[in-house]
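Asks:
6 protein chains.
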Amino acid sequence: MESNRLLVISAHAGDFVWRAAGAIALAASRGERVKVLCLSFGERGESAKAWREGRQLDEIKELRRAEATKAAAVLGAEIAFLDAGDYPLSRTDELTDRIVRVYREVRPSVVLTHPLADPYNQDHPTAARMALDARVLAQAVGYDAPGDPIGAPQVYFFEPHQPEQCDFKPNVLLDITPVFETKRAAMECLPAQQHMWDYYTDLAKRRGVQLQRNAGPNLGLVHDTKGEAYVRFYPQVTEVLA
Amino acid sequence: MESNRLLVISAHAGDFVWRAAGAIALAASRGERVKVLCLSFGERGESAKAWREGRQLDEIKELRRAEATKAAAVLGAEIAFLDAGDYPLSRTDELTDRIVRVYREVRPSVVLTHPLADPYNQDHPTAARMALDARVLAQAVGYDAPGDPIGAPQVYFFEPHQPEQCDFKPNVLLDITPVFETKRAAMECLPAQQHMWDYYTDLAKRRGVQLQRNAGPNLGLVHDTKGEAYVRFYPQVTEVLA
Amino acid sequence: MESNRLLVISAHAGDFVWRAAGAIALAASRGERVKVLCLSFGERGESAKAWREGRQLDEIKELRRAEATKAAAVLGAEIAFLDAGDYPLSRTDELTDRIVRVYREVRPSVVLTHPLADPYNQDHPTAARMALDARVLAQAVGYDAPGDPIGAPQVYFFEPHQPEQCDFKPNVLLDITPVFETKRAAMECLPAQQHMWDYYTDLAKRRGVQLQRNAGPNLGLVHDTKGEAYVRFYPQVTEVLA
Amino acid sequence: MESNRLLVISAHAGDFVWRAAGAIALAASRGERVKVLCLSFGERGESAKAWREGRQLDEIKELRRAEATKAAAVLGAEIAFLDAGDYPLSRTDELTDRIVRVYREVRPSVVLTHPLADPYNQDHPTAARMALDARVLAQAVGYDAPGDPIGAPQVYFFEPHQPEQCDFKPNVLLDITPVFETKRAAMECLPAQQHMWDYYTDLAKRRGVQLQRNAGPNLGLVHDTKGEAYVRFYPQVTEVLA
Amino acid sequence: MESNRLLVISAHAGDFVWRAAGAIALAASRGERVKVLCLSFGERGESAKAWREGRQLDEIKELRRAEATKAAAVLGAEIAFLDAGDYPLSRTDELTDRIVRVYREVRPSVVLTHPLADPYNQDHPTAARMALDARVLAQAVGYDAPGDPIGAPQVYFFEPHQPEQCDFKPNVLLDITPVFETKRAAMECLPAQQHMWDYYTDLAKRRGVQLQRNAGPNLGLVHDTKGEAYVRFYPQVTEVLA
Amino acid sequence: MESNRLLVISAHAGDFVWRAAGAIALAASRGERVKVLCLSFGERGESAKAWREGRQLDEIKELRRAEATKAAAVLGAEIAFLDAGDYPLSRTDELTDRIVRVYREVRPSVVLTHPLADPYNQDHPTAARMALDARVLAQAVGYDAPGDPIGAPQVYFFEPHQPEQCDFKPNVLLDITPVFETKRAAMECLPAQQHMWDYYTDLAKRRGVQLQRNAGPNLGLVHDTKGEAYVRFYPQVTEVLA
């Protein structure tokens, strides 16, 4: 059996840090390949501070690229940028095709992306829709892209900023306690959003409390558990109910 | 860490065989304790053939008890009957309390029961409702029943007869290939519903096909996979996304 | 093939008139047996005017009984009253059993009742729940009530007063144009709620407009169509898609 | 126009503090009457610490009564206890009737209660169901209880502990900044659950952030806003869209 | 605090009259700025009568423009037309950008548009999708359009023609009694759809009845109330639960 | 009244055989016109075997065309291919327009197409979306395409491969017993997917069992019933509840 490979597809450059850094660090700590694919830099929609400081578009892109690259390195992940533009990120066959090619190269066993609804940011569902479409295309032997067709990877949606408004009902709680300090360090690579550091530290604690409340009687959970919440999109395939 | 313990709560005597025999046999084959709790014998609602043959109520109960006991033995499970009556099975605090006591004794890490909607048989959601209520009560130190409060076991709903009409959208597909012959043998302990043997064999094949279609690229699935479908009710707690 | 038999189960004495008189009159006009079963008279919850006039409980019940009996006669239907009390109408095994006995006697091919949600009147879902439970019980040969087990009748929910708030999304629009004058005459048997006569006449027009908008190209609809809206609860069984 | 009157119906003695103390304190600070109705003391299900300390049932009830009474006083609210038992709290016509009588006495313009689903605590939906049923009964002139029928009060569900798992999608965010210190003081009246003090302070901050994000451009929000989230159950009636 | 500004975004030229004229007239009567933005004239899909009379495309557009302009004037609103074509109205980045520019100019505190589902007219959800997307884009300082980024306006969906089929469950009922005559006068500016005048007058009465039924006990509602129904899309932010 | 005309719109060349051959054969056997419209050949996404055999794109298209044409002939249906490409099939105004023209020519009373969700194949919802859009456009007198505007045909979604994952809750069960041998013969025209022959034979039996379970007491169903499941998208218009 091959080892796992994780592909993280996010609309903007910072999303993977706040929402999935724990899963990324865990996979990397197990020695698995992890690749983060940023469809845009979030240069227009998620760089308010830089615009207010009077910076130019290219400058902002480079800033975001540098920060995200640094955060990925902290987490032990590769990173790539498709520079497809944001606000709006537009769904096109051409961009979907570029994502297919990444699937064919990485051959992920697990994919992380945004949920399919977000009334506060349409770029997120747009990215998720293309991530899902590309996943199916990459499985087809008849699809004209380099590489062999891939097997069907599991897909998990990571947590949006206002989960209830995005119909985000977590069905997986991931214990990220062993790597939380790494996640914190990755967050600190994004200085423009410093108020988020504590916000997502608090969220990790809260999801940790829920994790303990939902853990079965056999799970030996340590104090001060940290968690990340996910929605698994396809049925889980398993050999044991536990 | 303690070994797992499986508690299966079903409205009628036969339900656990058609819907969950694979999970039961798998757990038993791993050496785990499994207990099946039948709230009724299904003596009125699921014994049409016996009634048409002119049998009496007590006779039918004994028949159903004997068959279910035999099937449980084949699967490697304990079985108990609360004889609470069916058609209708009624939700009462007294019956719920009897179920709490079973929780406190078995101390399950996993619970299997019916889904919460079934337009064809109200006994099923009624049983599920009590199974869920009793699970929460058994966790309370202040609840007045013998034994210590239990940890929070995972809950899975097993598959109803008409899944789409019961809003049953499986999120777990269990590979029961290694124990399918045992499931078939348990089904054959229920001779009054012989047409169901093939029906549920076909269902196992079909769920097996879906299992393969949803399996990630790393899962080494054998030919002629058999499956059972479940809905996990509470979030999964995990240390790895896979 | 036997002719159809229609059973209408309503929480209170007047419901069947406002919500289903068209379906009742149509069935009666085809020579089918129709029986209306009122679980209560609506003596507490739907008789505000009589209470304000200072009438006593028994008097109000008789008033409601007389009016409903007259309306049923206009429509060509039998009527029976179980006098189970309203506000609240309580779900009990005993009352459900009385409804089972009516099923076994009438042997309906079609059942009309309330929808399963109504935030403005809990008696309505309570009646519907018992109507559905009794339907399943009456089908069981092992259920201890006079008469043979029945076949599975279709179930339609009739329209509540605030449809959107009751999650009432009609999937059947019934053309009641040929019997609308009969429906109006039945409504006029209920003088205490005179403002409802026009209200439900307007509703019939509106549902008629929707009926025309949803009718296929082949349906020859007349001008000034009147309609009633229903939700079919179980799948339709048919030999033709049309 | 009369002034508002607020009725808060909770399953257990502490719920109103964690979930609705802000709304209560705001109403009291406007000089409105506020009454908290606790159906039980939470003596079995929400007093784990006291049980572990070996206290007796009556002692625990008195402890919970004293703490809740003190918290209500801090908030400026009346409080009453129905002592109906918890774990399980059972839905009965008799208990619903007692709640009706409170509605008829308080004549609330606004009601706060639990949401209708909570997989972690069935007492909460049970209390909510009776709160809603009693509200409708209390409006009926024919319902046999002292006092005149009431007008239709608005109903808001307050926030459960795991909102996403309870299908709790807030549609109202209440600014409780002016009274947050009072809420904190009320929480501190419940020493057995000290870890909750910070938990619900953090929640108030988080809902405050969302409040600012959802506020229109005209709302002058102060720094460090605190919020409580609610679900309005019936449509809002208004003279202005704003 | 600035006064409110209302932006109404509709797919076709007539929609704002039937569905939102009450809200528009109320806002105008309070002296607020109101701007109606028609993405198309409804020249193909909603001008059946004109086509049957043999008119040409440009002629029909002018007719619709004139009528809508007159209706807007009656209501006290500005109006603009983007002439983007209908049947189908297509979602494009270019059209979305034109809508962003209107947001940046009007700086609305409240936006009215179509709901996100309509099986009878895909132009409606398409318009709504762009109205929502543009709202988010207009808030971003990095979005390249004239004017400053706007604050987050509230969004309300107005009522579609077949509400239940569009999953339209109103959560706001607006009292339009004071301006109903103005709404009627605006409707009468659209002579091609004369049958709609009475249809929407009846709807206003019906929503008025529901408004009274949902109003709290303190609201002093006059006889013959007229209403419009809305769905608020984002959570309400408030300082009082009432 | 005109006779019925059936239009079947499928994303790929083979879909209509597995999912709707029974409905097609029934309509043809009644002498009705049936036209199958394949938007693509399924040349990339559903021809894995041919690609693995090393065939070229054009060759695969011709193979699929030939097989589908043969199957349509067996069923008694016309067939046309739009060759719009698959994997991905893209939603465009131009392709929608070509479908409108087919509507205007066939003038269907009934339309069959895919459901609106399919996480395993985005081409299916894309085809359905265009089928629905074109249906509305074809009804407009102002839409610029040859032929008169059509009446509103009923729409049914046929069954996807993993129904529960596609939120496919059947509300119509069609008895295809009389034509099942014809369906089998049509399936056997598609030799590349031989394992599907038995799969869809089993499905037909299973839907047949459900059909019998949901049939009313009057329906005289024969042994070994075969069925197909459908979801009706618009309300049924009827003159009788049965």
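Residue numbers (this note's numbering), protein chains in the order written: chain A, 4 to 245; chain B, 4 to 245; chain C, 4 to 245; chain D, 4 to 245; chain E, 4 to 245; chain F, 4 to 245. Backbone N, C-alpha and C define an ideal beta-carbon position, used for all residues, glycine too.
Per DSSP, what are the beta-bridge partners of glutamate 81 of chain E in this structure?
Replies: Paired residues: E/Lys38.
Asks: Find out if the Cβ-Cβ distance for the pair valine 39 of chain D, isoleucine 102 of chain D is shorter than 8 angstroms.
Replies: No; because the gap between Cβ atoms is not below 8 angstroms, this pair is not in contact.
Asks: Go ahead and label aspartate 89 of chain D buried or exposed: buried means 16 or more other beta carbons lie within 10 angstroms of its beta carbon, across all protein chains shown.
Replies: With 16 or more Cβ atoms within 10 Å of its Cβ, aspartate 89 of chain D is classed as buried.
Asks: Among residues of its own chain, excluding the 5 on either side of alanine 247 of chain C, which ones have a beta-carbon nearer than 6 angstroms to its beta-carbon?
Replies: Residue 247 of chain C cannot be examined here, being either before or after the span of chain C that is shown, 4 to 245.
Asks: List, in order along the chain, the chain B residues whose C-beta lies closer than 7 angstroms to that of glutamate 167 of chain F?
Replies: The answer, in chain order, is Pro166, Glu167, Phe171, Lys172 and Pro173.
Asks: Going by the CB atoms, is the gap between arginine 138 of chain F and tyrosine 106 of chain F shorter than 8 angstroms?
Replies: Taking 8 angstroms as the Cβ cut-off, tyrosine 106 of chain F and arginine 138 of chain F qualify as a contacting pair.
Asks: In three-state DSSP terms, what is glutamine 196 of chain D?
Replies: Glutamine 196 of chain D falls in the helix class under three-state DSSP.
Asks: Given that glutamine 215 of chain A touches chain D, what residues does it touch there, using C-beta distances under 7 angstroms?
Replies: Ordered by position in chain D, no residue passes the 7 angstroms Cβ test against glutamine 215 of chain A, which lies about 12 angstroms from the chain.
Asks: So with CB distances below 8 angstroms, who are the chain C contacts of proline 152 of chain F?
Replies: In chain order: nothing, as chain C lies at least about 10 angstroms away.
Asks: Would you be able to state if there are at least three C-beta pairs under 8 angstroms between the segment 143-151 of chain E and the segment 41-50 of chain E?
Replies: Output reads no: the segment 143-151 of chain E does not touch the segment 41-50 of chain E.
Asks: Counting C-beta neighbours from all protein chains within 10 Å, is the total for alanine 69 of chain A 16 or more, i.e. buried, or is it exposed?
Replies: So alanine 69 of chain A ends up on the exposed side.
Asks: Using CA coordinates, which residue listed in A/Asn124, A/Leu135, A/Arg8 and A/Cys41 is at the minimum distance from lysine 64 of chain A?
Replies: It is A/Cys41 whose Cα lies nearest to the Cα of lysine 64 of chain A.
Asks: Aspartate 205 of chain A CB to nearest chain D CB: under 8 angstroms?
Replies: By this cut-off, aspartate 205 of chain A is an interface position.
Asks: Using a beta-carbon distance below 8 angstroms, is alanine 51 of chain F in contact with chain A?
Replies: At least one chain A Cβ lies under 8 angstroms of alanine 51 of chain F.
Asks: Using only the alpha-carbon positions, how far apart do aspartate 178 of chain F and asparagine 217 of chain F sit?
Replies: Approximately 12 angstroms between the Cα atoms of the pair.
Asks: Just to make sure I have the definition right: I need the residues of chain B whose C-beta is within less than 7 angstroms of the C-beta of tyrosine 146 of chain A. Which are they?
Replies: Under the 7 angstroms cutoff, chain B gives no residues; its nearest Cβ is about 16 angstroms from tyrosine 146 of chain A.
Asks: With a cut-off of 8 angstroms, do at least 3 Cβ pairs link the segment 127-135 of chain B to the segment 23-36 of chain B?
Replies: Touching, no.
Asks: Closer than 8 angstroms, CB to CB, is threonine 99 of chain C near chain B or not?
Replies: Yes - at least one Cβ of chain B is within 8 angstroms of the one on threonine 99 of chain C.
Asks: Within the same chain, show all residues whose beta-carbon is closer than 7 angstroms to that of glutamate 62 of chain F, passing over the 5 residues directly before and after it, in chain order.
Replies: Answer for glutamate 62 of chain F: no residue qualifies.
Asks: If you run the structure through DSSP and keep just helix, strand and coil, what is threonine 116 of chain B?
Replies: Of the three classes helix, strand and coil, the one that applies to threonine 116 of chain B here is strand, per DSSP.
Asks: Enumerated in chain order, which unbroken segments of the beta strand (DSSP E) with a length of 3 residues or greater are wholly contained in the segment 44-92 of chain B?
Replies: For the segment 44-92 of chain B, whole beta strand (DSSP E) runs of length 3 or above, ordered along the chain, are 81-84.
Asks: May I have the straight-line CA-CA distance separating glutamine 142 of chain E from glutamate 108 of chain F, to the nearest angstrom?
Replies: So the alpha carbons of these two residues sit roughly 47 angstroms apart.
Asks: Closest to leucine 244 of chain C by C-alpha separation, out of F/Leu244, F/Ala245, F/Glu242 and F/Val234, would be which residue?
Replies: That would be F/Val234, whose Cα lies nearest to the Cα of leucine 244 of chain C.
Asks: Does any CB atom of chain B fall closer than 8 angstroms to the CB of glycine 17 of chain D?
Replies: Not closer than 8 angstroms to any Cβ of chain B, the Cβ of glycine 17 of chain D fails to qualify, so no.
Asks: Which chain B residues sit within Cβ distance under 9 angstroms of glycine 79 of chain A?
Replies: Residues of chain B passing the Cβ test: none, with the nearest at roughly 15 angstroms.
Asks: Cβ closer than 9 angstroms: which chain B residues qualify as neighbours of glutamine 125 of chain A?
Replies: Those within 9 angstroms of glutamine 125 of chain A in chain B number zero; the least Cβ separation is about 26 angstroms.
Asks: Give the residues of chain D in contact with phenylalanine 236 of chain B, contact being defined as C-beta atoms less than 9 angstroms apart.
Replies: Pro122, listed in chain order.
Asks: Just to make sure I have the definition right: I need the residues of chain E whose C-beta is within less than 7 angstroms of the C-beta of proline 156 of chain D. Which are they?
Replies: What proline 156 of chain D touches in chain E: Gly219 and Pro220.
Asks: Look at the alpha carbon of arginine 110 of chain A and the alpha carbon of glycine 34 of chain F, and state the distance between them as a whole number of angstroms.
Replies: Taking the straight line joining both Cα atoms gives about 51 angstroms.
Asks: Return yes when the Cβ of leucine 140 of chain C is within less than 8 angstroms of the Cβ of proline 163 of chain B, no when it is not.
Replies: Cβ distance not < 8 angstroms, so proline 163 of chain B and leucine 140 of chain C don't count as in contact.
Asks: If you reduce the DSSP assignment to three classes, tell me which class serine 13 of chain D lands in.
Replies: Of the three classes helix, strand and coil, the one that applies to serine 13 of chain D here is strand, per DSSP.
Asks: I believe cysteine 169 of chain C touches proline 118 of chain C by the beta-carbon criterion, under 8 angstroms. Please report the beta-carbon distance rounded to the nearest angstrom.
Replies: About 5 angstroms; that satisfies the 8 angstroms criterion.
Asks: Measure from the alpha carbon of leucine 1 of chain D to the alpha carbon of each residue in D/Glu184, D/Pro220, D/Ala232 and D/Gln215, then state which is nearest.
Replies: This structure gives no information on residue 1 of chain D, because the portion of chain D shown stretches from 4 to 245.
Asks: Find the residues of chain A that neighbour valine 37 of chain E, judging by a C-beta separation of less than 9 angstroms, and give them in chain order.
Replies: Within 9 angstroms Cβ-Cβ: nothing; valine 37 of chain E doesn't reach chain A, min ~24 angstroms.
Asks: Compare the Cα-Cα distances from aspartate 18 of chain E to each of E/Trp200, E/Gln239 and E/Lys229 and report the closest residue.
Replies: Nearest option by C-alpha distance: E/Trp200.
Asks: Taking the alpha helix (DSSP H) that valine 103 of chain C falls in, what are its first and last residues?
Replies: Segment 96-109, the alpha helix (DSSP H) holding valine 103 of chain C.
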